[in-house]
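Following: one structure in structure tokens, then a few remarks.
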Amino acid sequence: MGSAHSSCSLLTTSSTEHFCFPQSPICVSKLRPANQNQIRSIKFTSHSFRCCSSLQNLPSRCNQVGEFETQVKSLKTMADIHGIDQELLNKIVYDALVWSSLHGLVVGDKSVKRSGTVPGVGLVHSPIALLPGSFPETHWKQACELVSIFNELVDRVSLDGKFLQESLSRTKKADDFTSRLLDIHSKMLQMDKKEEIRLGLHRSDYMLDEKTKLLLQVELNTISSSFAGLSQIVSKLHSDLLDQYGEVLGLDSRMIPENNSGKQFAEALAKAWTEYNNPSTVIMIVVQAEERNMYDQHWLSVHLRKRHNVKTIRKTLAEIDREGELQSDGTLLVDGQAVAVVYFRAGYTPIDYPSETEWAARLLVEQSSAVKCPSISYHLAGTKKIQQELAKPNVLERFLDNKEDIAKIRKCFAGLWSLDDKDIVKKAIEAPDLFVMKPQREGGGNNIYGDDVRKTLVRLQKEGNVEDAAYILMQRIFPSVYPTIFVRDGICHKDHAISELGIFGAYLRYATHLSTTSLRLSDANLLYSIFFLVLLFSVNHGVTLRILLGRYF
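Residue numbers (UniProt numbering): 1 to 553.
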């Protein structure tokens, strides 16, 4: 969901052990019927993505970097990336910046006041990883297999209103934002509101723990999983760069799989619009008042219009409250236009609700017959507390029947605990570097690391109030560190980075059919960098890089 920026892509190597990523092969998801519903499959070309962020102090400009022990042009492995000849590196960076500017790989420049409100004002290239990184193929396949299982899990959890309300009951007392979301959910339960068409655009994030070699889930996002639009452009950038420089670098552009992440997200939205069965309606994208990542969203709108002949409108929550009305049949009208699908790219953080106006708008949307992406129940199913509850013994069995699927999900769970587990709290105080404290927030920049974990836990123990219910404790994952070349603000940085693998998944369910689709979207990593930004901030006292990372298989 958030607004971090970065990108990268994949290349396939001749080895079967690793992916070097900007894109990936076709994936057809598993389909599972519920209550004998007819199943219809939808095939999507799918891709994964990965993102890097700096772990060390911000490096100097490329033209200030000193001589390396080995000046190489042809890379024997991706580990040689910092040894690229300086003159060659300067040429690649220059061409990457030109390409990004010509092909819309851009975001708003935060130094320009109107860059988040007026399109075309204050553009700057999106931060990128200049060349792709690598990831073990076995773990890549494991993450892809989990997509349809997690999609189904979210849907089934969302249908269990009692589980959501009870699991978040203590959190509600400690966290006003979660409390307001639960209030809306409770009203929908009282209305016996049925969502005949349910659309989920999710992203499950993972890290590969270096010590255990296990692929562990960082979080499951169910609202505002962004950068599908810009991410696909990164793969094209890397492919073009390797067409020019691949021979001298020893990298083959043909090993970069095609990435259509933006088109796939648009296809899922268009399918939900079709099922709503009113061709005069629009898809409404709920946006923040200032959005420097608007171009990622506009790419989806372009795909919807050109490929599916679907019109989109952009509205803030405040505008929805001012211009929206609910007809007697449940139809949502906004500025006189009937809305079939409401796609939230805002509404996941308290900042998006500065007044009662925004909360009224969220309630209005939930009361309507429009397809919500996500609905309030899907939103709640993606909270940190629900993630922790699902990791408890025997809880997955409440929602899933297939024992093999349950085992696959449980295998990727990192340690997750409530703060009412006194033994774990004691261990976290004694060894805070082994844990992460997470509040019920999305969008990045909220987690607590290192000695701040100890300080926060000690404070909560002394105060002895319900504030501890606003957090969960999670096992800290320690992924491998890789050499990387970042490009940000036209400047090249050589550094080392950690990576987070994110897999997008689309789930569409409607009255007589159940349709699940896996979207393995390479380079939709901008979002993944949010987690790294938090980690980087914790380690480097505020020095951050937001980078788009690609893949090379």
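Just so you know, even glycine gets a beta-carbon here, dropped at the ideal spot from N, CA and C.
Query	Result
Residues near residue 373 in its chain [Cβ-Cβ closer than 8 Å; skip 5 each side]	199, 200, 201, 269, 272, 341, 342, 343, 344
Residues bridged to residue 107 [DSSP beta-bridge criterion]	124
Nearest-angstrom Cα separation, counted from residue 454 out to residue 430	8 Å
At least 3 beta-carbon pairs within less than 8 Å: the segment 163-181 vs the segment 240-258	no
Any alpha helix (DSSP H) of 4 or more consecutive residues that is wholly inside the UniProt domain "Glutathione synthase substrate-binding" (281-381)	294-308, 317-323, 356-367, 376-381
Endpoints, the beta strand (DSSP E) within which residue 482 is located	482-488
Option in 403, 181, 152 with minimal Cα separation from residue 376	181
Where the beta strand (DSSP E) containing residue 442 begins and where it ends	Here residue 442 belongs to no beta strand (DSSP E), and DSSP marks it neither H nor E.
Coarse secondary structure for residue 186, derived from DSSP in three states	helix
Exposure label - residue 127; buried when at least 16 CB within 10 Å	buried
Neighbourhood of residue 161 by C-beta, 6 Å cutoff - its chain only, sequence neighbours within 5 removed	189
Nearest-angstrom Cα separation, counted from residue 462 out to residue 194	44 Å
Residue 476 (DSSP reduced to helix, strand or coil)	coil
4 or more residues per run - each alpha helix (DSSP H) lying fully within the segment 383-444	384-390, 403-412, 422-430
Which residues DSSP lists as bridging residue 492, in chain order	487
Of the listed residues 505, 416, 487, 204, nearest to residue 99 (C-alpha basis)	487
Cβ neighbour criterion (16 or more within 10 Å) applied to residue 56	The pLDDT assigned to residue 56 is 32, lower than 50, so where the model puts this residue is not dependable; a value taken from the coordinates is nonetheless given after this. Residue 56 is exposed by the Cβ-count criterion.
Length of the line joining the Cα atoms of residue 331 and residue 411	43 Å
Of the listed residues 404, 187, 323, nearest to residue 336 (C-alpha basis)	323
Where the alpha helix (DSSP H) containing residue 102 begins and where it ends	86-102
Proximal residues to residue 435 (C-beta, below 6 Å), its chain only, five neighbours per side dropped	428, 453, 473, 476
Reduced DSSP category for residue 151 - H, G, I as helix; E, B as strand; rest coil	helix
Which of helix, strand or coil DSSP assigns to residue 250	coil
Exposure of residue 458, with buried meaning 16 or more beta-carbon neighbours within 10 Å	exposed
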